[in-house]
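Peer 1: Let me give you the structure first, and then I'll get to my questions.
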Amino acid sequence: MAKKLYDILGVPETADKKEIKSAYKKLAKKYHPDLNPGKDTTAQMKEINKAHDILTDDKKRKLYDEYGEKAIEADFNEDVLNSYKYSWGSQGGSNPFGPGQEWPFGFDDIFGGMFGGGMGGARTQGFGDYGSFYDQYQPQPEKGQDLNADISIDFMKAVKGGSETVSFMMTGANGQSERVTYDINIPAGIKEGQKIRLAGKGGPGYNGGPAGDLLLKVNILSSPVFTREDMNILTTVSVNFTEAMLGTEVDVPTLDGSVSLKIPAGTQPGQKFRLKGKGIVTPKATGDEYVTIKVTLPKTLTDEQKDLIEKFQETLKA
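Quick note on the numbering used here: the sequence shown kicks off at 5 and runs consecutively.
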């Protein structure tokens, strides 16, 4: 059949390479044996691979468009095809039976007339039985599709790093959803939305190619104590108004435990103090921790406390 390969891929004769490759990928997903457990789709896949290989090769496609299946039988040997064309000089170098039409005689008939008797030894040097091309054809291997999934990890695990066991639902090769579990390494300082690549855990490869990768998008759970700003850690510590006025020492939580921080007299609400090197630590950088002071006021006062504050207020007016 003149345009059988186009029919196999379901594309028009005018299709460009992009259209052909797109059609091939869709059919490969549909008929790949690895994606069809329990079904024998080997024959369909061979046809699809054959069509893809020829129609994405400019030279092979040109010869196929002109000579059809005979070009495949001759393994796209231009010497053989040109010798035939020259023997039909009045046809302008074209297949006298039209593009892709069956020839009424074989190569032995043609070369028998030219050399006085068959192909002889030449037949075993490249003009043999090309009917086995279909079985001998070896398509190019292609990497499988990369897959994506989301995982959630604890705030402290994200900043400190370490191993983590993650489990989530994925669609398997059989089209069914299944739960998968992996032990993965979390690098210290990983950021929200960053991806961890698990090589070879994605979709199956095509034609013996490697499997794709699994890309895990990281969602970091919030912390009740810390927030993050790039490589720095932020936290808030409360003191009462007398401690802010007179100064004090407070315990401040850090990623490595509590440390003592001296609050000087006259500290203002919202004032920040830096703990150098107490932020996120990675092999490439070290951040700091910033402590914001929150000044709390009593909601109720005793009579004695009111008198003292009023006296203090009078001193401010002096």
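Cβ coordinates follow ideal geometry from the N, Cα and C atoms, glycine included.
Can you check DSSP and say which residues form a bridge with E293?
Peer 2: Sequence index remark: in the sequence shown, residue 293 carries index 289 (1-based). I237, L279.
Peer 1: Would you call the region 151-169 and the region 215-232 in contact, with 3 or more CB pairs under 8 angstroms?
Peer 2: yes
Peer 1: Can you tell me whether K8 is helix, strand or coil according to DSSP?
Peer 2: As a working mapping, residue 8 is identified with position 4 in the sequence shown. Of the three classes helix, strand and coil, the one that applies to K8 here is helix, per DSSP.
Peer 1: Closer than 8 angstroms is the cut-off here; do at least three beta carbon pairs connect the region 293-306 with the region 245-262?
Peer 2: yes
Peer 1: With a threshold of 7 angstroms between beta-carbons, can G283 be considered close to chain C, or not?
Peer 2: Among the protein chains of the structure shown there is no chain C, as only one such chain exists.
Peer 1: Assuming L67 and I52 are in contact, meaning their beta carbons sit under 8 angstroms apart, how far apart are those beta carbons, in whole angstroms?
Peer 2: Within the sequence shown, numbered from 1, the residue matching residue 67 stands at position 63. Within the sequence shown, numbered from 1, the residue matching residue 52 stands at position 48. That belief does not hold up - the Cβ atoms of L67 and I52 are roughly 20 angstroms apart, past 8 angstroms.
Peer 1: For the putative contact between I194 and I237, defined by C-beta atoms under 8 angstroms, what is the C-beta separation to the nearest angstrom?
Peer 2: Residue 194 sits at position 190 when you count from the first residue of the sequence shown. Residue 237 sits at position 233 when you count from the first residue of the sequence shown. Rounded, the Cβ-Cβ distance is 15 angstroms, inconsistent with contact.
Peer 1: Once you ignore the five residues that flank K315 on each side, which residues in its own chain have a CB closer than 7 angstroms to its CB?
Peer 2: Your numbering for residue 315 matches position 311 in the sequence shown. Hits under 7 angstroms: none found.
Peer 1: Which one of K288, V263, T286, Q149 has the shortest CA to CA distance from L279?
Peer 2: Along the sequence shown, read from residue 1 onward, the residue named residue 279 stands at position 275. Looking at the Cα atoms, V263 is the closest of the given residues.
Peer 1: Provide the residue span of the beta strand (DSSP E) that contains E253, from first to last.
Peer 2: Taking the first residue of the sequence shown as position 1, residue 253 is located at position 249. It spans 252-258 - the beta strand (DSSP E) in which E253 sits, taken as one unbroken run.
Peer 1: From the DSSP output, which residues share a beta bridge with D154?
Peer 2: For the purposes of this step, residue 154 is taken as the residue at position 150 of the sequence shown. Per DSSP, K221.
Peer 1: With respect to the beta strand (DSSP E) encompassing I267, which residues constitute its N-terminal and C-terminal limits?
Peer 2: Walking along the sequence shown from the start, residue 267 turns up at place 263. That run of the beta strand (DSSP E) goes 261-267.
Peer 1: Which of the three DSSP states, helix, strand or coil, is assigned to A19?
Peer 2: For this step, residue 19 is matched to residue 15 along the sequence shown. Coil at A19, not helix or strand.
Peer 1: Nearest CA to the CA of S226: which residue from M174, E196, N244?
Peer 2: By one-based count along the sequence shown, residue 226 stands at place 222. Ranking the options by Cα distance to S226, first place goes to E196.
Peer 1: I'd like the list of long-range same chain contacts for G148, defined as Cβ closer than 6 angstroms, with 5 residues on each side in sequence excluded.
Peer 2: Translated into the one-based positions of the sequence shown, residue 148 becomes position 144. Excluding residues within five positions, the ones whose Cβ falls inside 6 angstroms are G206, G207, P208, G209, A215, G216.
Peer 1: Report the three-state DSSP secondary structure of S167 (helix, strand or coil).
Peer 2: The residue you call residue 167 lines up with position 163 of the sequence shown. Residue state, collapsed to three classes: strand.
Peer 1: Whole angstroms is fine: what's the gap from E233's alpha carbon to R201's?
Peer 2: As a working mapping, residue 233 is identified with position 229 in the sequence shown. As a working mapping, residue 201 is identified with position 197 in the sequence shown. Taking the straight line joining both Cα atoms gives about 24 angstroms.
Peer 1: Taking the alpha helix (DSSP H) that K66 belongs to, which residues open and close that run?
Peer 2: Here residue 66 is taken as the residue at index 62 of the sequence shown, counted from 1. Start and end: 62-71.
Peer 1: Roughly how many angstroms lie between the CA atoms of D187 and G166, to the nearest whole one?
Peer 2: Along the sequence shown, read from residue 1 onward, the residue named residue 187 stands at position 183. Along the sequence shown, read from residue 1 onward, the residue named residue 166 stands at position 162. Computed Cα separation, rounded: 11 angstroms.
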